[in-house]
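Here the structure is laid out as structure tokens; the discussion comes afterwards.
Residue numbers (my numbering): 12 to 126.
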């Protein structure tokens with residue numbers, strides 16, 4: 012357990028916190044936008060200034076995107092219309108399940124008494 016003599020006074024702690032805040036603000040300011048004439052070193056891509064694209068580049072990009080979307084739509088349409096045969100096992104299982112359900116339904120809806 013610490014004794015009161017070991018702990019700094021509240022005024023000292025407040026002064027140290029103010030100094031730390033000033034240092035933090037200075038460190039954060041360094042990382043902000045550079046001056047216009049200042050040479051810029053390496054920066055991550057999300058901090059680099061945006062270069063506007065030319066009209067031709069925009070059109071090229073949109074053309075690529077349109078073609079990609081059209082091809083995806085064709086694939087989806089073909090997948091929906093494909094007549095891929097199901098495995099024999101799944102057909103048999105489904106048919107048997109349908110027959111059982113039909114028979115149970117007949118029994119349930121009939122007015123015959125089961126003793």
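Glycine included, C-beta positions come from ideal geometry on N, C-alpha and C.
No experiment lies behind these values; they were computed from the predicted model shown.
{"Item": "Alpha-carbon spacing of residue 61 relative to residue 68, whole angstroms", "Value": "15 Å"}
{"Item": "Residue 76: first and last residue of the uninterrupted alpha helix (DSSP H) it sits in", "Value": "66-92"}
{"Item": "Chain B within 7 Å of residue 26, Cβ atoms only", "Value": "Here there is only one protein chain, and chain B is not present."}
{"Item": "Three-state class that DSSP yields for residue 21 in the structure shown", "Value": "helix"}
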